[in-house]
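In the working numbering, the protein residues as written are 480 to 695.
This is how it looks when you write it as structure tokens:
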């Protein structure tokens, strides 16, 4: 398989509001499904189970957004140089082609504009988006505001009406930082073999009264 394909790493941004999570689900719009459909149009083949699988550094739930989700996929080798050796497709060309097919999926003249490949490059066959990842970065946004202000942050932040205890939040952040057993945080469908995880940094950022707050 490796001799007939070339592997690409890509970075994807998406607004998760219209997606039912990352992982492919039959008859539902997902990020993986959208990317694999674009790949199928980019490089048609009969065996979609091998050539068009998209692997991600991590999977997001429904409604979760991604600023820079790393994925990888394989494309068949088609270009040769004058000596007959295969040459890799330029990453910029793969990125442009994927974005074209992603935008065409809405079936409308105006694309939905909620998913975009922002980078693509040829990598070695030993690269894996999940197993080659060194760390992940998450940002959670909390909006402490009245209802009139919440509309501008719809689907972008967790809106709360109650006052936030920032001192208590910072103390909790200190407790969670480091290496711990996070079994109590796992969902019922979690497939991770080991609940031990390390949080290198957890900070609380307050942007201003009546505005959004967040932690990273």
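Note that the Cβ used here is the ideal one computed from N, Cα and C, for glycine as well.
Excluding five sequence neighbours on each side, which residues of the same chain lie with their C-beta closer than 6 Å to the C-beta of residue i?
i           : result
residue 526 : Since pLDDT at residue 526 reaches only 48, below the 50 mark, its modelled position is unreliable, and no value is offered.
residue 541 : 499 and 500
residue 632 : 622
residue 515 : 531 and 533
Can you look up residue i in the DSSP assignment and give me helix, strand or coil?
i           : result
residue 496 : helix
residue 516 : helix
residue 582 : helix
residue 570 : helix
residue 490 : strand
residue 536 : coil
residue 669 : coil
Would the beta-carbon of residue i be found less than 7 Å away from any heavy atom of the ligand PLP?
i           : result
residue 549 : For the ligand PLP, the structure offers nothing, since it holds no ligand at all.
Buried or exposed for residue i, going by 16 or more other Cβ atoms inside 10 Å?
i           : result
residue 664 : exposed
residue 539 : buried
residue 513 : buried
residue 613 : exposed
residue 650 : exposed
residue 643 : exposed
residue 495 : buried
residue 581 : buried
residue 714 : In the structure as shown, the chain starts at 480 and stops at 695, and residue 714 therefore has no counterpart that could be examined.
residue 610 : exposed
residue 572 : exposed
residue 553 : buried
Got a sec? Which residues, its chain only, sit under 8 Å from residue i by beta carbon, not counting five neighbours each side?
i           : result
residue 528 : Low confidence applies here, because residue 528 scores a pLDDT of 44, under 50, leaving its location unreliable; read the following figure in that light. Cβ within range, chain order: n/a, list empty.
residue 676 : 658, 659 and 661
residue 599 : 487, 488, 489, 490, 570, 571, 573, 574 and 577
Looking only at its own chain, which residues have a Cβ that is under 7 Å from the Cβ of residue i, when we skip the five neighbours before and after it?
i           : result
residue 645 : 683 and 685
residue 579 : none
residue 483 : 555 and 556
residue 606 : 486, 488 and 551
From which residue to which residue does the beta strand (DSSP E) around residue i run?
i           : result
residue 551 : 545-555
residue 682 : Counting along the chain, residue 682 falls outside any beta strand (DSSP E), and DSSP gives it neither H nor E.
| task | At 4 residues or longer, and completely inside the segment 584-667: list those alpha helix (DSSP H) runs for me, N to C. | result | 626-629 and 645-655
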